[in-house]
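In terms of my numbering, the sequence shown is residues 31 to 314.
Read the structure below first, then the notes.
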Amino acid sequence: MPSSILPARSEQIGVLPVRRALPRRECRSVGPFVFVDHMGPIELPAGTGIDVPPHPHIGLSTLTYLYEGSMLHRDSLGTQIEILPGAVNWMTAGRGIAHSERSSPASRAKAERLHGIQIWVALRSEDEECDPQFASYEAAAIPEFKSDGFTARLIAGAFEGRRSPIPRDDMICIDLLLENRSFRLPLADQIAVYISSGDLTIGDQRASTGDLVLISESELTISGEGRCMIFGGDALPEQRFFYWNFVSSSKDRIVRAKKEWQEQSGPFAPRLPEETDWLPLPEV
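Structure, rendered in structure tokens:
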């Protein structure tokens with residue numbers, strides 16, 4: 031069976047153009063990966079920036095990875111950190127966390143190009159109520175494989191005897207930059223490739239910027255010139271339910287999270303540093 035190619039849906043979040051690769055009607059998850067957004071690229075003129083006010087999450091970890099530009103992350107743990115290209119920012123929501131993403135004052139003072147990927151990874155059911163956590167790994171801490179014509183950065187998982195600092199052993203995520211070379215895809219229970227830029231051939235199928243390729247065969251190679259995100263892992267053993275920014279194996283847990291966010295109570299009671307507003311619960 032050939033691999034499936036699904037063009038990402040175009041959306042707009044404030045000034046930021048987004049291609050949403052996951053979830054899809056045809057594919058709700060790839061391994062534990064349940065959400066993949068391709069942000070930008072966008073040229074932000076001096077005096078402008080992005081503003082995503084505080085919003086909540088439960089039952090997942092977010093992975094933010096920038097190719098270009100910067101973002102200021104604040105969360106209800108008191109974290110305030112600037113996200114930079116090549117760094118891996120791993121926020122585990124567990125029983126509940128709120129965060130915001132904005133351009134920093136320094137970024138707004140100059141023109142800046144913003145381009146990156148944001149991913150949600152469902153927590154194992156036994157970890158869904160863990161304490162919220164945030165970790166940032168500098169670009170230098172990410173294992174890198176370089177050869178003539180390709181650079182592969184191991185964002186998550188294990189590959190070729192090396193391991194990412196992200197503490198999950200049931201997933202893999204690789205940022206791959208190809209310059210007319212080929213690269214053998216890693217093996218996993220479920221695996222996909224998202225094309226961030228360029229034109230790449232996977233097996234005997236051609237894919238371009240904005241395409242999500244669901245891999246159905248093993249021992250495939252990827253070739254061409256471009257950049258992509260390879261991701262996947264063990265299939266989720268239980269169904270996941272989604273509402274807005276909440277992911278859980280329990281519908282009742284999502285109902286509780288909605289109430290806590292509306293009341294700004296429980297895990298969502300702590301205020302974020304230097305933030306005064308928040309996104310209301312959508313009427314859907």
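Even glycine gets a Cβ: it sits at the ideal position worked out from N, Cα and C.
{"Asked": "Determine the burial state of residue 210: buried for a count of at least 16 other Cβ atoms within 10 Å of its Cβ, exposed for fewer.", "Found": "exposed"}
{"Asked": "Flag this pair as yes or no: are the beta carbons of residue 163 and residue 107 separated by less than 9 Å?", "Found": "yes"}
{"Asked": "Tell me, please, whether the segment 57-73 touches the segment 230-249 by the rule of three or more beta-carbon pairs shorter than 8 Å.", "Found": "yes"}
{"Asked": "Specify whether the segment 110-125 and the segment 83-92 touch according to this definition: at least 3 beta carbon pairs, one from each stretch, less than 8 Å apart.", "Found": "yes"}
{"Asked": "Just the Cα atoms here: how many angstroms apart are residue 184 and residue 252?", "Found": "16 Å"}
{"Asked": "What distance in whole Å lies between the Cβ atoms of residue 160 and residue 186, which are believed to be in contact at a cut-off of 8 Å?", "Found": "Actually they are not in contact, since the Cβ atoms of residue 186 and residue 160 sit about 18 Å apart, beyond 8 Å."}
{"Asked": "Among 45, 44 and 54, which residue has its Cα nearest to the Cα of residue 38?", "Found": "54"}
{"Asked": "Check whether the segment 187-202 touches the segment 137-145, counting contact only when three or more Cβ pairs, one atom from each stretch, lie closer than 8 Å.", "Found": "no"}
{"Asked": "Give, in chain order, every unbroken run of the beta strand (DSSP E) that is at least 3 residues long and sits entirely within the segment 115-185.", "Found": "118-122, 127-132, 142-152, 163-167 and 174-177"}
{"Asked": "I'd like to know if residue 218 contacts chain C, where contact means its C-beta is closer than 9 Å to some C-beta of that chain.", "Found": "As a matter of chain content, chain C is missing from the structure shown, which is built from one protein chain."}
{"Asked": "With 16 as the cutoff for other CB atoms within 10 Å, does residue 266 come out buried or exposed?", "Found": "buried"}
{"Asked": "How is the alpha helix (DSSP H) around residue 287 delimited, first residue to last?", "Found": "281-293"}
{"Asked": "Quick one, are the C-beta atoms of residue 307 and residue 84 less than 9 Å apart?", "Found": "yes"}
{"Asked": "Using DSSP with H/G/I as helix, E/B as strand and the rest coil, what is residue 43?", "Found": "strand"}
{"Asked": "DSSP three-state label for residue 27, please.", "Found": "Outside the displayed range of the chain (31 to 314) lies residue 27, so it cannot be described from this structure."}
{"Asked": "Could you check the C-alpha separation between residue 130 and residue 182 for me, to the nearest Å?", "Found": "29 Å"}
{"Asked": "When you compare the segment 218-236 with the segment 165-174, are there three or more beta-carbon pairs, one atom per stretch, that lie closer than 8 Å?", "Found": "no"}
{"Asked": "Between which two residues does the beta strand (DSSP E) holding residue 210 run?", "Found": "201-214"}
{"Asked": "Any idea if residue 44 is buried or exposed, counting beta-carbon neighbours within 10 angstroms, 16 or more meaning buried?", "Found": "exposed"}
{"Asked": "Can you tell me where the beta strand (DSSP E) holding residue 228 begins and where it ends?", "Found": "220-232"}
{"Asked": "Could you name the residues of the same chain whose beta carbon sits closer than 8 Å to that of residue 31, not counting the 5 residues immediately before and after it, in chain order?", "Found": "Here the model assigns residue 31 a pLDDT of 47, short of 50, so the residue's position is not dependable and the matter cannot be decided."}
{"Asked": "According to DSSP, is residue 235 part of a helix, a strand, or is it coil?", "Found": "strand"}
{"Asked": "From the DSSP output, which residues share a beta bridge with residue 48?", "Found": "41 and 69"}
{"Asked": "Would residue 270 be called buried (16 or more neighbouring beta carbons within 10 Å of its own) or exposed?", "Found": "buried"}
{"Asked": "Quick one: is the Cβ of residue 84 within less than 8 Å of any heavy atom of the ligand FAD?", "Found": "Absence of the ligand FAD from the depicted structure is noted, as is the absence of any ligand whatsoever, leaving it without description."}
{"Asked": "Below 9 Å between beta carbons: does that hold for residue 102 and residue 133?", "Found": "yes"}
{"Asked": "From residue 179 to residue 199, what does the alpha carbon distance come to, in whole angstroms?", "Found": "29 Å"}
{"Asked": "When you compare the CB positions of residue 277 and residue 201, do they come within less than 9 Å of one another, or not?", "Found": "no"}
{"Asked": "Tell me where the beta strand (DSSP E) around residue 196 begins and ends.", "Found": "Looking at the DSSP string, residue 196 is not in any beta strand (DSSP E), and its letter there is neither H nor E."}
{"Asked": "Enumerate in chain order the residues of its own chain whose CB-to-CB distance from residue 214 is below 7 Å, with the five nearest sequence positions on each side excluded.", "Found": "251"}
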